[in-house]
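Encoded as structure tokens, the structure appears first; notes follow it.
Number of protein chains: 2
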Amino acid sequence: MANVSDITVSAAINSLSALLFLLAFAIFRLQPMNDRVYFPKWYLKGIREAPSTSGPLVKKFVNLDFRMYLRFLNWVPAALKMPEPELIDHAGLDSAVYIRIYLLGLKIFVPIAILAFGVLLPVNYTGKNFKIMSVSMKDLAFGEIDKFSISNVEPASKRLAAHIVMAYVFTFWTCYVLYKEYKHVTDMRLHFLASQVRRPDQFTVLVRNVPADPDESVSEHVEHFFRVNHPDQYLVHKVVYNANKLAKMVDQKKDLKNRLIYYSNKFERRPDKRPTTKAGFWGLWGKKLDAIHYYTEEIEKLSKEEIVERERVINDPKAVVPAAFVSFRSRWGAAICAQTQQTKNPTRWITMWAPEPRDVYWNNLSIPFLELNVRKLIMGVAFFGLIFCYLFPIAFVQTLANIESIEKVLPFLKPLINRGSVKSFIQGFLPGIVLKIFLLILPMILMEMAKIEGHIAVSILEAKSAGKYHIFLLVNVFLGSIVTGTALQQLKQFLDQSASEIPKTVGLAIPMKATFFITYIMVDGWAGVAAEIFRLVPLVIYHLKNVFLVKTEKDREEAMDPGSLAWPITEPRLQLYFLLGLVYSTVTPLLLPFIIIFFAFAYLVFRHQVINVYNQKYESAASFWPDVHRRILIGLIISQFTLLGLLSTKKAANSTPFLLVLPVLTVWFYKFCKNRFESAFRKFPLQDAMIKDTLERATEPQLDLKSYLKDAYMHPIFKGGEVELMDFDEDDDDFHIVATKRASRRGSQAGTTDCSPDHRNTGFNAV
Amino acid sequence: MANVSDITVSAAINSLSALLFLLAFAIFRLQPMNDRVYFPKWYLKGIREAPSTSGPLVKKFVNLDFRMYLRFLNWVPAALKMPEPELIDHAGLDSAVYIRIYLLGLKIFVPIAILAFGVLLPVNYTGKNFKIMSVSMKDLAFGEIDKFSISNVEPASKRLAAHIVMAYVFTFWTCYVLYKEYKHVTDMRLHFLASQVRRPDQFTVLVRNVPADPDESVSEHVEHFFRVNHPDQYLVHKVVYNANKLAKMVDQKKDLKNRLIYYSNKFERRPDKRPTTKAGFWGLWGKKLDAIHYYTEEIEKLSKEEIVERERVINDPKAVVPAAFVSFRSRWGAAICAQTQQTKNPTRWITMWAPEPRDVYWNNLSIPFLELNVRKLIMGVAFFGLIFCYLFPIAFVQTLANIESIEKVLPFLKPLINRGSVKSFIQGFLPGIVLKIFLLILPMILMEMAKIEGHIAVSILEAKSAGKYHIFLLVNVFLGSIVTGTALQQLKQFLDQSASEIPKTVGLAIPMKATFFITYIMVDGWAGVAAEIFRLVPLVIYHLKNVFLVKTEKDREEAMDPGSLAWPITEPRLQLYFLLGLVYSTVTPLLLPFIIIFFAFAYLVFRHQVINVYNQKYESAASFWPDVHRRILIGLIISQFTLLGLLSTKKAANSTPFLLVLPVLTVWFYKFCKNRFESAFRKFPLQDAMIKDTLERATEPQLDLKSYLKDAYMHPIFKGGEVELMDFDEDDDDFHIVATKRASRRGSQAGTTDCSPDHRNTGFNAV
């Protein structure tokens with residue numbers, strides 16, 4: 001059990017490391033050569049140019065204006081300055097709503113903390129439990145922090161009423177804030193959707209599982225079906241090609257090109273020595289070759305193959321998958337088709353809103369119904385295995401990383417391994433490192449699982465993998481920290497305990513783990529967030545690329561990696577803080593300030609990142625909010641049950657009925673909010689569609705919708721090898737100097753991938 | 001523990017009582033005077049007349065044709081003769097599918113029984129557990145039946161593998177049969193819907209929670225909204241009036257009329273003595289009055305009040321509730337409106353398919369959104385209380401029925417009560433009777449709860465109360481029989497046990513309760529079903545009415561009470577047999593023949609009843625099937641867990657993983673079926689709507705849909721005091737002699753309730 005001084009030391013260390021990151025960031029971001037690492041968003045929007053190149057060469061890389069260093073913290077007011085509507089314009093609604101989650105944390109926990117400090121701290125501190133305990137149980141060391149926690153209240157004390165009342169107050173307050181926030185986000189979303197400019201996905205529905213027809217091609221079948229069943233509304237459709245092989249070729253070519261550029265640069269710098277490479281795998285072994293010549297040839301060969309494959313995809317009817325994007329004459333028509341069932345058999349002609357073009361996950365569009373069900377079953381079982389046996393894969397890797405097995409497989413390493421220091425490294429650190437690596441790649445594993453499950457949009461994939469990650473963190477980090485041991489052992493322990501014992505076990509462990517979680521918040525929450533703003537990995541990669549690959553301004557642009565809000569990772573982690581805050585609000589209120597500092601600091605940092613760094617992969621108009629809402633409520637319910645268990649260990653069993661009311665009310669509140677708000681996130685109301693349609697018809701009577709929609713849902717591979725980005729703020733140029741116009745940039749980008757205009761416009765218009 | 005001879009005795013008694021019921025039925029049904037009790041369905045359809053009245057008077061009441069008595073069992077082939085398509089025509093799809101549930105029981109359990117008898121019985125019987133047990137545990141008496149059950153297999157025996165394999169086989173067989181049945185019922189439903197003649201509900205959508213508008217009436221608001229948002233489809237609408245008070249008046253008048261008829265009949269029979277009544281409550285006390293004069297006056301007074309109230313409802317804008325039935329030009333338009341969301345706020349303009357007119361539950365149409373949520377919460381809590389404290393209300397009534405309290409309230413009864421026989425009756429039987437009465441009125445309580453929950457159609461009300469009854473039976477009858485004590489005690493017991501202990505407790509008790517359940521099946525399943533066909537209560541009531549109220553043929557028709565398939569009661573009870581069969585299939589296969597006899601017998605009886613007796617209250621086109629399917633699967637999962645628990649008491653813990661696979665697969669199968677079939681029961685596909693619309697437009701181009709739909713959704717109170725019945729087989733007259741045409745019957749019915757044609761056609765056409 002840690003005491004106050006332990007916590008102080010830990011707080012000092014973590015604050016210091018956070019400060020160091022911030023300081024490093026403050027210095028690094030002022031250097032012109034890092035400009036593309038710390039402000040990529042502005043470059044992407046085309047409203048920031050490379051820093052001026054006049055003056056001495058050194059100025060190009062290092063900022064010598066020392067006055068600027070004095071204002072090294074001025075990113076904070078800058079991050080706060082941009083008002084929310086402008087932020088939505090600038091970075092999209094998803095990002096704006098995402099950073100509101102941190103604000104929501106503050107709204108929930110600041111009043112709770114004030115109340116808890118005002119009411120519960122004195123009640124706890126004046127308790128006499130430890131005086132009694134210290135006599136009877138000398139071996140159990142209680143820390144000083146526990147004096148402020150519920151542990152210090154003696155069993156069956158009347159004081160516990162204060163905790164119960166506070167549990168009610170906190171629950172109502174949390175629900176009230178959540179309700180208001182849900183309402184606000186719903187309004188924001190509806191307003192955002194209503195004020196959106198015309199977008200292809202507003203008119204388009206994705207239809208899957210088109211049944212095979214012996215007489216007609218998929219394209220004809222789709223057209224006839226919708227012409228008949230949506231007679232006045234059907235406009236045009238686009239079939240989906242299975243271009244996975246082609247996509248692979250394009251990737252391969254890109255890779256080869258990078259190598260070619262690398263060697264060309266090398267040659268340019270040292271024209272006396274012609275660079276060489278090896279023919280084998282990754283250029284590691286095989287015959288020595290002239291690199292430039294070799295890669296030029298390889299690229300040419302691949303280009304030819306690509307053209308053949310491209311022709312095949314376009315002309316082979318088997319390359320058409322039984323899915324299509326069907327566009328309608330009006331938003332009203334699309335809203336109808338997306339929300340209704342088309343045929344008797346619900347496994348055919350499945351319609352849903354088309355995701356926006358850059359959000360489509362093309363590989364999964366053709367999975368048949370039964371297979372989809374089998375995949376979900378298998379992934380469900382695999383996920384269960386992953387959670388409850390999550391040490392199994394690690395154990396497997398660790399056995400491989402074991403000294404004996406290494407010696408067995410690679411006997412020549414034996415003398416090296418048997419050296420003391422190496423041995424202790426392998427035995428002491430390797431298992432820990434393997435665990436760490438596994439936890440790092442876990443989100444990737446979950447994402448792959450979501451892909452196998454067969455979802456058809458990146459946003460859905462992210463939402464699903466976020467859901468899985470949330471459960472994983474809940475079971476393996478929260479429960480796992482409280483009840484030590486692997487999840488499987490915990491499960492066994494819980495199964496062997498009676499149902500009424502489980503909350504007791506957890507309730508007993510909760511107050512004792514407060515100091516552990518405080519440390520966790522400081523390490524993961526404070527220092528981790530500060531590391532996020534420093535962006536060490538992108539910084540290093542950018543400079544490496546800059547040295548080896550970049551030749552032109554365009555290359556530099558490609559070397560820039562803005563990253564994005566890693567939603568499926570950050571949101572579930574964030575939920576852990578809500579959970580901890582709610583659980584400890586009645587138990588150990590001392591934890592709350594740490595949570596509040598985390599939320600405030602993270603709010604600043606992510607607001608800065610969203611404004612200056614992250615690039616948006618897609619825009620879902622905050623469709624993730626119901627998930628956020630639900631998960632916070634899950635945290636709330638867990639907190640209610642832990643308090644219930646804790647009080648039952650305090651011989652306050654007669655309080656159980658009072659506390660059982662809370663989860664019932666919370667579940668009811670959840671259902672109420674679901675009925676009240678969720679449909680705004682899942683459906684598109686006809687009235688709004690009609691209003692937009694009518695308005696558009698009045699203002700743009702000459703609009704040629706057909707040609708507007710014609711190429712919107714083309715496989716990105718046919719568009720020039722990259723997903724075309726469609727931003728919503730085309731004429732937002734009241735900032736910095738606008739030099740390169742987006743259109744011209746696009747053109748040059750497309751040109752790089754050798755996709756001749758002929759290919760980009762042939763044969764893809766099914767109607 | 002019962003032995004084989006006990007069971008034999010019980011079987012003999014129950015078979016005998018069943019046979020007696022059947023015999024009584026066979027004799028009674030041949031008497032002409034009981035014709036309307038045993039064949040009301042044919043009268044309702046207008047294809048059976050009262051038996052011929054020629055010949056001696058006695059022939060009118062008693063059947064003297066003794067040859068007919070010889071063929072007293074000929075109802076059985078008659079019940080089986082009618083082929084299914086004709087049955088659907090005759091009694092509706094709901095009834096036809098309902099009796100298929102019994103057939104489904106046979107399909108599942110006959111092969112299971114054969115396999116279980118072939119494989120498990122020998123395995124069990126040759127087990128040696130009791131030889132071992134009888135040495136060590138002499139006090140525990142095992143019956144002979146247990147020799148054939150899994151109890152006779154010694155712990156950790158290899159023989160248990162047979163049970164596990166059989167559990168797999170039974171699960172797969174059950175799922176296979178269920179899948180085929182679901183598919184078949186889906187096809188039947190789709191075919192039924194496709195071949196249905198034009199019905200108002202195909203074109204109509206119910207819209208609720210119409211928001212208040214300061215400038216417009218509800219009717220105008222509805223019209224404008226749908227004219228704008230469904231421009232080409234909107235046809236006409238009908239607002240809903242709050243006519244609850246008026247309905248009460250009509251009921252009251254009907255009651256008074258019955259009294260008037262009673263006294264008139266009395267006077268006719270004995271013209272010398274003018275009948276009198278008393279003015280007070282129910283004519284029990286108060287001033288003596290001339291009965292005929294008094295009731296004629298009362299009826300006149302009420303008629304005047306009714307006219308005033310009728311005027312008020314029609315003219316008072318406050319009598320209009322914010323709901324309306326909106327009809328569209330085509331089924332396509334209605335399908336679209338029913339399945340889409342209309343506005344941003346999902347709590348307003350809620351649209352759903354209109355129930356068919358006779359299915360509407362008018363009282364609940366005006367409940368606002370928030371109230372609906374609160375009602376559901378309260379009813380949820382109340383239902384939880386009802387299940388787990390279901391002895392509380394009984395305890396309360398029983399205290400009232402207690403000797404001391406009776407003596408306190410009614411002291412003059414003291415001498416009577418203190419007599420020995422009366423005392424012992426009150427103490428010995430009253431509690432049991434109170435419990436029995438409570439169980440009898442339970443479905444009514446559940447129905448009232450469903451009404452309070454606010455569902456808007458009778459079919460939904462019945463489905464919801466059936467769901468509640470199913471849970472009640474599961475917890476209080478099945479679990480309650482296994483783990484004795486009230487549900488609340490059980491819950492406490494389960495909570496205090498560890499999660500892994502619960503299946504063990506149940507598993508241990510299951511084989512011991514086999515004889516109890518066998519007796520239960522014979523009492524409730526055999527004798528109970530035979531009692532159903534005899535219809536004692538309707539028989540008595542009909543003859544009472546016949547004597548006191550009936551004057552004309554029309555009165556006799558009204559006295560007839562065909563009853564209906566009491567879906568919310570019979571279906572959950574039926575599920576208990578599936579559950580028992582599945583649970584005992586691997587444990588005590590000897591129980592299976594009893595189940596099979598029940599299913600076969602009940603199939604015969606209910607087929608007969610559906611053909612000859614029951615009147616259909618509404619037609620839902622088998623929309624209850626997903627519930628039936630789900631509940632059988634719940635039974636299957638329970639059976640898997642009990643076997644799991646049972647085997648864990650047999651020291652066969654290593655079989656747990658094998659058996660855990662089964663529930664996972666079953667849940668997956670449930671989800672698969674839900675995705676595959678359920679939407680056919682919940683939605684109406686656009687393609688089918690379009691086909692029907694197109695066909696109709698081609699065959700009946702002159703159809704005036706507007707006038708067809710105008711009065712379909714009028715509150716029944718404005719239609720002549722009764723819900724108008726709309727059958728689907730208007731021209732089905734190839735059976736018996738058709739004498740009274742339905743149309744003329746209708747007219748005379750409507751005339752009886754004093755509803756002048758003026759009222760029936762004024763002011764109700766909102767458009």
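Listed in order, the protein sequences are those of chains U and Y. Residue numbering for the first sequence follows full-length UniProt numbering, beginning at 1 and increasing consecutively. Residue numbering for the second sequence follows full-length UniProt numbering, beginning at 1 and increasing consecutively. Each residue gets a CB set at the ideal place from its N, CA and C atoms; glycine is no exception. Since this is a predicted model, take the numbers as computed values, not measurements.
Asked: Using the three-state DSSP reduction, which class does Pro322/U fall into: helix, strand or coil?; Found: strand
Asked: Buried or exposed: Met444/U, going by 16 or more other Cβ atoms within 10 Å of its Cβ?; Found: exposed
Asked: Once DSSP output is grouped into helix, strand and coil, what is the label at Trp567/Y?; Found: helix
Asked: I believe Tyr125/U touches Leu662/U by the beta-carbon criterion, under 8 Å. Please report the beta-carbon distance rounded to the nearest angstrom.; Found: With a Cβ gap of about 25 Å, Tyr125/U and Leu662/U do not count as contacting.
Asked: So, at 6 Å on beta carbons, what are the nonlocal neighbours of Thr343/Y in its own chain, with the 5 sequence-adjacent residues on each side left out?; Found: Trp349
Asked: Strictly below 8 Å CB to CB, what residues from chain Y border Ser679/U?; Found: Gln341 and Pro346
Asked: Would Leu120/Y and Thr586/Y qualify as a contact pair, given that the criterion is a beta-carbon distance under 8 Å?; Found: yes
Asked: Can you tell me whether Tyr614/U is buried or exposed, with buried defined as 16 or more other CB within 10 angstroms of its CB?; Found: buried
Asked: Determine which residues share a DSSP beta bridge with His237/Y and list them.; Found: Val326/Y
Asked: Hey, would you say Ala334/U sits closer than 8 Å to Gln202/U, going by beta carbons?; Found: yes
Asked: Which of the three DSSP states is assigned to Thr126/Y in this structure?; Found: coil
Asked: Nearest chain Y C-beta to Gln575/U closer than 8 Å, yes or no?; Found: no
Asked: Is the CB-CB distance between Ala531/U and Asn14/U below 8 Å?; Found: no
Asked: So that I know if they touch, is there some Cβ in chain U lying closer than 8 Å to that of Gln233/Y?; Found: no
Asked: Report yes or no: is there a C-beta of chain U within less than 8 Å of the C-beta of Asn315/Y?; Found: no
Asked: Alpha carbon to alpha carbon, how far is Lys45/U from Ser744/U? Give it in angstroms, no decimals.; Found: Residue confidence for Ser744/U is low, a pLDDT of 38 falling below 50, so the modelled location carries little weight; the figure read from the coordinates is stated next. Approximately 13 Å, taken between the alpha carbons.
Asked: Compare the Cα-Cα distances from Ser303/U to each of Asp255/U, Pro317/U and Cys337/U and report the closest residue.; Found: Asp255/U
Asked: Expressed to the nearest angstrom, what Euclidean distance is found between the alpha-carbon atoms of Ala739/Y and Ala338/U?; Found: Low confidence applies to Ala739/Y: its pLDDT is 34, below 50, so where it sits in the model is not reliable, and the reading given next is rough at best. Those two C-alpha atoms are separated by around 52 Å.
Asked: Indicate the three-state DSSP secondary structure (helix, strand or coil) for Trp526/U in the structure shown.; Found: helix
Asked: I need the straight-line Cα distance from residue 773/Y to Phe325/Y, nearest angstrom please.; Found: The structure shown has nothing for residue 773/Y, since chain Y only spans 1 to 767.
Asked: From Phe172/U to Gly507/U, what does the alpha carbon distance come to, in whole angstroms?; Found: 22 Å
Asked: Would Gly118/Y be called buried (16 or more neighbouring beta carbons within 10 Å of its own) or exposed?; Found: exposed
Asked: I want to see whether chain C comes within less than 8 Å of Met379/U, judged by CB atoms only; does it?; Found: Of the protein chains in the structure, U and Y, none is chain C.
Asked: Contact criterion: CB-CB distance below 8 Å. Does Ile336/U meet it with respect to chain Y?; Found: yes
Asked: Expressed to the nearest angstrom, what Euclidean distance is found between the alpha-carbon atoms of Thr752/U and Ala247/U?; Found: Residue placement at Thr752/U is poorly supported in this model, since its pLDDT is 34, which falls under 50; the coordinates still yield a value, given next. If I take the Cα positions, the gap works out to 15 Å.
Asked: In angstroms, rounded to a whole number, what distance separates the CA positions of Ile460/Y and His221/U?; Found: 38 Å
Asked: Please classify Ile737/Y as buried or exposed, where buried requires at least 16 neighbouring CB atoms within 10 angstroms.; Found: Low confidence applies to Ile737/Y: its pLDDT is 32, below 50, so where it sits in the model is not reliable, and the reading given next is rough at best. By the neighbour-count rule (16 or more Cβ atoms within 10 Å), Ile737/Y is not buried but exposed.
Asked: Just verifying my parser: in three-state terms, what is the DSSP assignment at Ala463/U?; Found: helix
Asked: Distance check for Ser219/U and Asp524/Y, CA to CA, integer angstroms please.; Found: 60 Å
Asked: For a cutoff of 8 Å on Cβ pairs, would you count Arg259/Y as touching chain U?; Found: no
Asked: Compare the Cα-Cα distances from Met166/Y to each of Met249/Y, His543/Y, Pro589/Y and Ala600/Y and report the closest residue.; Found: Pro589/Y
Asked: Tell me the start and end of each unbroken alpha helix (DSSP H) in the segment 205 to 235 of chain U that is at least 4 residues and wholly inside, in chain order.; Found: 218 to 229
Asked: So, does the CB of Pro155/Y fall closer than 8 Å to a CB anywhere in chain U?; Found: no
Asked: Using DSSP with H/G/I as helix, E/B as strand and the rest coil, what is Ile482/Y?; Found: helix
Asked: Answer yes or no: does any C-beta atom of chain Y fall closer than 8 Å to that of Gln196/U?; Found: no
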